[in-house]
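So the sequence shown is residues 517 to 795, counted in the numbering used here.
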Amino acid sequence: MMHKRLVPFQHRFDYRVFSLWLDMDRLEETAGGLRSLSLNRFNLFSFHDVDHGARDGSSVQMWLRDMLDGWSLLPAKAKIMAQCYPRLFGYVFNPLTVFYVYDLADPERPSLSTIVYEVKNTFGDQHCYVIPVDDNQRDRGIVTQQADKGLYVSPFLPLAGHYRFRMNRPGETLSQLIRQSGATTGEHREQLIASFNAKRHALTDANLLKAMATHPLMTAKVMAGIHWEALKIWRKGAKFHSRPKPPALPATLIRPATQSSGHPVIQDTDLPSSVVAAE
Numbered sequence: 517m518m519h520k521r522l523v524p525f526q527h528r529f530d531y532r533v534f535s536l537w538l539d540m541d542r543l544e545e546t547a548g549g550l551r552s553l554s555l556n557r558f559n560l561f562s563f564h565d566v567d568h569g570a571r572d573g574s575s576v577q578m579w580l581r582d583m584l585d586g587w588s589l590l591p592a593k594a595k596i597m598a599q600c601y602p603r604l605f606g607y608v609f610n611p612l613t614v615f616y617v618y619d620l621a622d623p624e625r626p627s628l629s630t631i632v633y634e635v636k637n638t639f640g641d642q643h644c645y646v647i648p649v650d651d652n653q654r655d656r657g658i659v660t661q662q663a664d665k666g667l668y669v670s671p672f673l674p675l676a677g678h679y680r681f682r683m684n685r686p687g688e689t690l691s692q693l694i695r696q697s698g699a700t701t702g703e704h705r706e707q708l709i710a711s712f713n714a715k716r717h718a719l720t721d722a723n724l725l726k727a728m729a730t731h732p733l734m735t736a737k738v739m740a741g742i743h744w745e746a747l748k749i750w751r752k753g754a755k756f757h758s759r760p761k762p763p764a765l766p767a768t769l770i771r772p773a774t775q776s777s778g779h780p781v782i783q784d785t786d787l788p789s790s791v792v793a794a795e
């Protein structure tokens, strides 16, 4: 995972992390087949519904489906995959969870119809950017999307901003690139670049324990690292921006500027739940 700030000065840091790639329809089955991973209860590794979506303990999968259905974005035959950090010894902070929504109308050619970017800040706020995949990207291995920033994330960057996302076709590797720039044309210079590049591993107890051994206390280090880097940025003289109220609504729908028939086809969507570890 790489994070590079470009204004008002350059500041870069890199951390080795791992995350889970989970089939949201098979969470109970996945956790039930492992001794070290649990659903909604304490374990070495765990996934808790209260950490995502409505954050009230209700099913994240149903929350996503209801939201997508309300915007007429839920395929008749849908599968939702999540890429997120797990709780490790009961603790997690997910700055970004990505939900990939697949249309399984044609089992031979499953298509990626929507991506949901669930963003959190360290103040406990959360907001989702729901972006249908543009139809003209149906034959590409790369999906590019964009959205205006709606949630205050860093105290050293203003709320106003614009995100550009570049996501690869999830498969044996996973690649995510996010670029943040100013909100207006006159300020349209890049402010921040973040990326995550990882390789898929089977979701087994052995691989989970290996991930824990090679990334000890990773989830705690994510939060500690954020504050440590913030301290270094502050010492360099970065300007502080006060925190505004979070968005009133839990999610923002961003529709592509152009649409054509069909859905963007993304292959390798039948990969099972797995561990994705940064190279």
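Beta carbons: idealized from backbone N, C-alpha and C, even for Gly.
Here the structure is a predicted model, which means the values were calculated and not measured.
- Scanning its chain for C-beta atoms nearer than 8 Å, with the 5 sequence neighbours on each side dropped, one finds around residue 522 the residues 705, 706, 707, 708, 709, in chain order.
- Taken through DSSP and simplified to helix, strand or coil, residue 746 comes out as helix.
- Proximity of the segment 750-767 to the segment 638-652 meets the contact definition, three or more beta-carbon pairs being nearer than 8 Å.
- If you look at residue 537, you'll find it in the beta strand (DSSP E) that goes 534-539.
- Within the same chain, 552 come within 6 Å of residue 560 by CB-CB distance, once the 5 residues on both sides are set aside.
- In terms of Cα proximity to residue 675, the closest of 697, 657, 685 is 697.
- Around the beta carbon of residue 567, 16 or more other beta carbons lie within 10 angstroms, which makes this residue buried.
- As computed with DSSP, residue 712 is found in a beta bridge with 692.
- Collapsing the DSSP output to three states places residue 544 in a helix.
- For residue 648, the pairing in a beta bridge is given by DSSP as 630.
- Looking at the DSSP output, residue 529 sits in a beta bridge with 519.
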